[in-house]
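Taking it in order: structure first as structure tokens, then the write-up.
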Amino acid sequence: MKTISYYVSDYGYGHASRSIAIIRTLLDKYDNVQFIICTSFPLGFIQTSIENNSRVRYRYVKNDLGYLLKESSVEIDKERMIFLYDKYLEYASSYLQQEEYYLKEENVDFIISDISPFPFIAGKKLGLPTIGISNFTWYKAYQGIIEEDKLQFLKDAYNQMDYFIPLAGSKEPEWGKILHEAEHYFYRGIRNSEIKRLNDEVRSNEFQLIVYFGFGMKIDIDDYSGWKLWDQEHVLFIVSEHMNIDRPNVIHIPKDYTESQHYLAISDLVISKAGWSTVGEVVQLNKPFMVVDRSNMQEDRNTINFLQSIERGYVILWDELKELTFNEELFHKVQRSTRESEYPSNQEILDGIGDSIGKVLKE
């Protein structure tokens with residue numbers, strides 16, 4: 237039995253969602269692997285999603301800084317980012333000592349990271365093969381936010397990965413040997429029985445349009461409730477449980493419901509930031525999509541450019557969203573931005589990633 241230490245970024249649920257899809261695929265394909273999932277913020281989310289499996293264990297550890305946003309905004313708080321990034325680097329030495337000890341104690345054979353940088357350093361020192369999986373790295377994401385000389389540590393860390401699987405929309409250099417170019421979006425998949433249940437529960441003649449409003453768990457906006465957006469009584473909005481909105485035409489995804497892609501699947505329109513996992517659900521389920529442009533995030537810009545290249549997104553600004561009015565003209569514009577096209581099946585994409593990882597596991 238080979239032990240894989242799978243590191244998942246602590247920032248939000250997006251990295252966790254796609255990691256869940258990959259881990260499920262690897263568990264199905266290979267009986268001789270077991271996982272130790274290492275993360276902090278999304279640990280409970282992953283644990284609930286994968287359910288009881290004797291080949292999966294969980295370890296609470298803080299891996300990365302992520303983004304820090306201004307209060308009641310989707311924009312980056314640059315000043316706070318710089319301050320906490322310096323603290324993050326001060327923590328690096330003790331973190332690496334901790335991880336080296338853990339990897340030896342658990343007899344780990346293999347490391348996968350999405351896309352925490354430190355495990356690549358520890359893996360290289362211990363002679364363990366490493367794979368990075370992501371559409372971006374924190375090194376590239378922080379350019380323009382953190383001074384370049386301070387980013388050298390991250391650059392050096394990512395340069396120590398053995399293999400890299402760049403995901404759709406990636407504009408990254410070749411950090412390691414390119415193991416597999418996953419140029420298409422994937423997601424966790426859906427169950428038809430659950431789609432039927434939610435349609436029966438949610439849909440009614442009272443609403444002409446169902447809108448999935450997907451802004452992640454790391455975006456904390458205090459004044460959502462005052463937006464004119466919610467005044468449109470013919471629209472039913474589906475929002476995450478942490479959003480403080482009390483309207484008869486707004487329903488919250490239950491706190492303990494981890495497979496939120498089913499709610500997206502029953503919607504007529506999706507509004508979201510350019511988060512990779514939400515985009516994967518939108519593309520695979522072929523949903524009309526309004527994507528909010530956060531201009532100071534390079535990761536978002538790369539994703540939006542990629543979406544526009546495949547005609548899969550209608551771009552709006554954050555300030556436009558607050559007073560957005562849904563009418564027939566707007567809906568047709570969004571629909572026209574969603575080009576019907578052939579796209580590889582979700583399972584085909586995941587199988588390609590799983591097969592590539594399997595080749596390295598056999599070495």
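So the sequence shown is residues 237 to 599, counted in the working numbering. Heads up, the beta-carbon is just placed ideally off N, CA and C, and yes, glycines get one too.
Asp587: first and last residue of the uninterrupted alpha helix (DSSP H) it sits in | Sequence index remark: in the sequence shown, residue 587 carries index 351 (1-based). 582-597 is the span of the alpha helix (DSSP H), which, as asked, contains Asp587.
C-beta atoms of Leu543 and Phe525 nearer than 9 Å = In the sequence shown, residue 543 corresponds to position 307, counting from 1. In the sequence shown, residue 525 corresponds to position 289, counting from 1. Yes, the Cβ-Cβ distance between Leu543 and Phe525 is below 9 Å.
Exposure of Lys180, with buried meaning 16 or more beta-carbon neighbours within 10 Å | Residue numbering for the chain in the displayed model covers 237 to 599; residue 180 lies beyond these limits and cannot be assessed.
Take the Cβ of Ser440 as the centre, count every other Cβ of all protein chains shown within 10 Å, and call the residue buried at 16 or more, exposed below.
-> Within the sequence shown, residue 440 is the residue found at index 204, counting from 1. Looking at its Cβ environment, which holds fewer than 16 other Cβ atoms inside 10 Å, Ser440 is exposed.
DSSP state of Ile502 mapped onto helix, strand, coil | Indexing the sequence shown from 1 puts residue 502 at position 266. Annotated three-state conformation of Ile502 is coil, per DSSP.
Using 8 Å as the Cβ pair cut-off and three pairs as the minimum, do the stretch 289-300 and the stretch 351-361 touch?
-> Verdict: yes, contact present.
For Gly450: DSSP bridge partner residues | On the sequence shown, position 214 is the one that residue 450 refers to. Gly450 is bridged to Ser508.
Determine contact between the stretch 333-344 and the stretch 381-390, defined as no fewer than three beta-carbon pairs at a distance below 8 Å.
-> With the rule of 3 Cβ pairs closer than 8 Å, the stretch 333-344 does not count as touching the stretch 381-390.
Other residues of its chain near Leu434: CB distance less than 7 Å, five sequence neighbours each side excluded = If you number the sequence shown from 1, residue 434 lands on position 198. These residues qualify, in order along the chain: His498, Tyr499, Ile502.
Take Phe277 and list the residues in its own chain whose beta-carbon comes closer than 6 Å to its own, dropping the five residues that flank it on each side.
-> To locate residue 277, count along the sequence shown from 1; it is residue 41. In its chain, beyond the 5 residues on either side, Asp246 have a beta carbon closer than 6 Å to the beta carbon of Phe277.
For Val447 and Val486, the rounded distance between their alpha carbons = Start at 1 with the first residue of the sequence shown, and residue 486 comes out as number 250. Start at 1 with the first residue of the sequence shown, and residue 447 comes out as number 211. Using only the alpha carbons, I get a separation of about 10 Å.
From Val506, Phe346, Asp267, Ile474, pick the residue whose C-alpha is nearest to that of Ile273; which is it?
-> Working through the sequence shown from its first residue, we reach residue 273 at position 37. Answer by Cα proximity: Phe346.
Tell me, please, whether the stretch 415-427 touches the stretch 511-526 by the rule of three or more beta-carbon pairs shorter than 8 Å.
-> Taking 8 Å as the limit for Cβ pairs, the verdict is that the stretch 511-526 does touch the stretch 415-427.
Does DSSP put Thr373 in a helix, a strand or coil?
-> To locate residue 373, count along the sequence shown from 1; it is residue 137. Note: Thr373 maps to coil in three-state DSSP.
Cross-strand partners of Gly368 (DSSP beta bridge) | Here residue 368 is taken as the residue at index 132 of the sequence shown, counted from 1. In DSSP, Gly368 forms a bridge with Ser349, Phe400.
State the CB to CB distance for the pair Ser255 and Val269, rounded to an integer number of angstroms; the pair is presumed to be in contact (CB under 8 Å).
-> As a first step, residue 255 must be located in the sequence shown, where it is residue number 19. As a first step, residue 269 must be located in the sequence shown, where it is residue number 33. Not really, about 15 Å apart at Cβ, beyond 8 Å.
Just curious, the beta strand (DSSP E) that Asp529 is in, first and last residue?
-> Walking along the sequence shown from the start, residue 529 turns up at place 293. In the DSSP annotation of this structure, the continuous segment of the beta strand (DSSP E) that includes Asp529 starts and ends at 525-529.
Pick helix, strand or coil for Lys314, following the three-state DSSP scheme.
-> Here the question's residue 314 lines up with position 78 in the sequence shown. Lys314: helix per DSSP, three-state reduction.
Would you mind stating whether Thr373 and Leu390 have Cβ atoms separated by less than 9 Å?
-> Indexing the sequence shown from 1 puts residue 373 at position 137. Indexing the sequence shown from 1 puts residue 390 at position 154. Their beta carbons are under 9 Å apart, which means Thr373 touches Leu390 by this criterion.
Can you tell which of Phe319, Tyr321, Leu304, Leu320 has the C-alpha that lies nearest to the C-alpha of Asp313?
-> The sequence position of residue 313 within the sequence shown is 77, counting from 1. For Asp313, the closest of Phe319, Tyr321, Leu304, Leu320 by C-alpha to C-alpha distance is Leu304.
Contact under 9 Å by Cβ, Ile593 with Ile258 = Position 357 of the sequence shown holds residue 593. Position 22 of the sequence shown holds residue 258. Their beta carbons are under 9 Å apart, which means Ile593 touches Ile258 by this criterion.
Give a yes or no on whether 9 Å exceeds the smallest Cβ distance from Gly450 to chain B.
-> Structure shown: chain B not included; a single protein chain is present.
Using the C-alpha atoms, what's the distance from Leu325 back to Arg659?
-> Residue 659 lies beyond the range of the chain shown here (237 to 599); nothing can be said about it.
What residue does the beta strand (DSSP E) around Ser241 start on, and which one ends it?
-> Start at 1 with the first residue of the sequence shown, and residue 241 comes out as number 5. Per DSSP, Ser241 belongs to the beta strand (DSSP E) from 238-244.
First and last residue of the uninterrupted beta strand (DSSP E) at Ile487 | Residue mapping note: residue 487 aligns to position 251 of the sequence shown, counting from 1. Ile487 -> beta strand (DSSP E) spans 486-488.
Residue burial classification, Gly625 (beta-carbon count within 10 angstroms, cutoff 16) = The structure shown does not extend to residue 625, since the chain spans only 237 to 599, so no value can be given for it.
Assign Thr561 to one of two classes, buried (16 or more other C-beta atoms within 10 Å of its C-beta) or exposed (fewer than that).
-> Position 325 of the sequence shown, counted from the first residue, corresponds to residue 561. Answer is exposed; the Cβ neighbour count stays below 16.
Leu597: which of Asp398, Tyr321, Ser577 sits nearest, CA to CA?
-> As a first step, residue 597 must be located in the sequence shown, where it is residue number 361. Checked all of Asp398, Tyr321, Ser577; the closest Cα to Leu597 is Asp398.
When the Cα atoms are used, what is the spatial distance from Glu564 to Ser329?
-> Along the sequence shown, one-based indexing puts residue 564 at 328. Along the sequence shown, one-based indexing puts residue 329 at 93. For Glu564 and Ser329, the distance between alpha carbons rounds to 57 Å.
May I ask which residues mark the beginning and end of the alpha helix (DSSP H) holding Val570?
-> Translated into the one-based positions of the sequence shown, residue 570 becomes position 334. It spans 564-572 - the alpha helix (DSSP H) in which Val570 sits, taken as one unbroken run.
Tell me which same chain residues have a C-beta within less than 6 Å of the C-beta of Leu472, skipping the five on either side of it?
-> Here the question's residue 472 lines up with position 236 in the sequence shown. The beta carbon of Leu472 is closer than 6 Å to those of Phe443, Ile446, Asn485 in its chain, skipping five residues each way along the sequence.
Supposed contact pair Lys558 and Trp463 - C-beta distance, whole angstroms, cut 8 Å = Translated into the one-based positions of the sequence shown, residue 463 becomes position 227. Translated into the one-based positions of the sequence shown, residue 558 becomes position 322. With 8 Å as the limit, Trp463 and Lys558 qualify as a contact, their Cβ atoms being about 5 Å apart.
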